[in-house]
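Going by the working numbering, the residue at position 119 of the sequence shown is 139; the numbering climbs one at a time, nothing skipped. Using N, Cα and C, we set each Cβ at its ideal position, and we do this for glycine too.
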Amino acid sequence: MKKFRRATADLINKTLGIFGLQIGVSNTGFWDLDPVFLDLYNKIRSRSLVKIDRCFMLYQFAKHASLTTHGDVAQVGVYKGGTAKMIATCFSKTPKKVFLFDTFDGLPALSEKDHGEIGRVYKVEDTKQFRDTHIDDVKKYLSDFPNVEIIKGYFPQTAHGLENRRFCFVYLDADLYQSTKDGLQFFYPRMIPGGIIMLDDYKTKNWPGVERAVREFQEERHISSITTTWWQGLIIRTPSSD
Numbered sequence: 021m022k023k024f025r026r027a028t029a030d031l032i033n034k035t036l037g038i039f040g041l042q043i044g045v046s047n048t049g050f051w052d053l054d055p056v057f058l059d060l061y062n063k064i065r066s067r068s069l070v071k072i073d074r075c076f077m078l079y080q081f082a083k084h085a086s087l088t089t090h091g092d093v094a095q096v097g098v099y100k101g102g103t104a105k106m107i108a109t110c111f112s113k114t115p116k117k118v119f120l121f122d123t124f125d126g127l128p129a130l131s132e133k134d135h136g137e138i139g140r141v142y143k144v145e146d147t148k149q150f151r152d153t154h155i156d157d158v159k160k161y162l163s164d165f166p167n168v169e170i171i172k173g174y175f176p177q178t179a180h181g182l183e184n185r186r187f188c189f190v191y192l193d194a195d196l197y198q199s200t201k202d203g204l205q206f207f208y209p210r211m212i213p214g215g216i217i218m219l220d221d222y223k224t225k226n227w228p229g230v231e232r233a234v235r236e237f238q239e240e241r242h243i244s245s246i247t248t249t250w251w252q253g254l255i256i257r258t259p260s261s262d
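This is how it looks when you write it as structure tokens:
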């Protein structure tokens, strides 16, 4: 984010320079006003690839969902457990169950819908990403949260037995088209009214399959998504949705 702010300022200053004007750039964000979040983020940042702006939005919406009277919590795509710990912390004082899904063995196979329309073309080696983790290590990392259940394997097969559960908050960080589509199809009908599904890697060229899956799902359901910050969005379960 600092590089982005600097690049944006440099571009603006090239234009303003014609008029003898310049702007400065602050290296702080509005999350700096929340010391509780900053303390939590600094504890989990080494175990997550999610940048601070997305983590702050994730934290804010998870806190909001923790106030609901019912509905459990889920995350698909856990990696080393950084964002999972942030979410679990938000729900630690509630009776809600937190289900965490990951292969702990890298990404599933990529499909043609994971290839960008322009630019990046994926290779077989891309599926080897995120293998530098292990379920036992993540279990130990999250051992202070008795309401957390970690499930290893390929989603949605690993969700068998949860069909009758209702959810108030879901975080999809699955990177790929099919994984994102499966997550939306499984969880959206099971969200409570007002329930939140947050989407990582939304509208990024690095993982174009995520936006494709979301766009298709929106068209099928006649719903809309909300962009929260760079590479992140969310969908809210409306009361009128079937």
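Given a length threshold of 3 residues, each whole run of the beta strand (DSSP E) inside the stretch 190 to 243 is given here in chain order: 211 to 220. If you draw a straight line from the Cα of D164 to the Cα of T109, it is about 10 Å long. Here D156 is not bridged, per DSSP, to any residue. In the assembly as shown, K105 is a buried residue. Its beta-carbon has 16 or more other beta-carbons within 10 Å.
The three-state reading of DSSP puts Q80 in helix, counting H, G and I together.
Only residues of its own chain outside the window of five on either side were considered, and among them Y99, G126, L127 have a CB closer than 7 Å to the CB of F150, listed in chain order. Between V168 and D157, the alpha-carbon positions lie close to 14 Å from each other.
Here E169 carries a strand assignment [DSSP, helix/strand/coil].
DSSP places G102 in the uninterrupted alpha helix (DSSP H) bounded by 102 to 110. By the beta-carbon neighbour count (other beta carbons within 10 angstroms, threshold 16), R74 is buried.
F57 carries a helical assignment under DSSP once its states are collapsed to helix, strand and coil.
Relative to the Cα of A82, the nearest Cα in the group I72, I107, F237, K201 belongs to I107. In the three-state reduction of the DSSP assignment, T178 falls in the helix class, which pools H, G and I. In this structure, Q238 places its C-beta atom within 8 Å of the C-beta atom of S245. With a beta-carbon spacing of about 15 Å, D134 and L192 fall beyond the 8 Å limit used to define contacts. The DSSP-derived three-state label of D164 is coil. Distance between E183 and H242, taken at the CA atoms: about 23 Å. DSSP places D122 within a strand segment (E or B) once states are collapsed to three. Spanning the alpha carbons of I217 and G102 requires a straight line of approximately 18 Å.
Within the same chain, Y99, K100, F124 come within 7 Å of T153 by CB-CB distance, once the 5 residues on both sides are set aside. Per DSSP, reduced to three states, the secondary structure at F50 is helical.
By the beta-carbon neighbour count (other beta carbons within 10 angstroms, threshold 16), R210 is buried.
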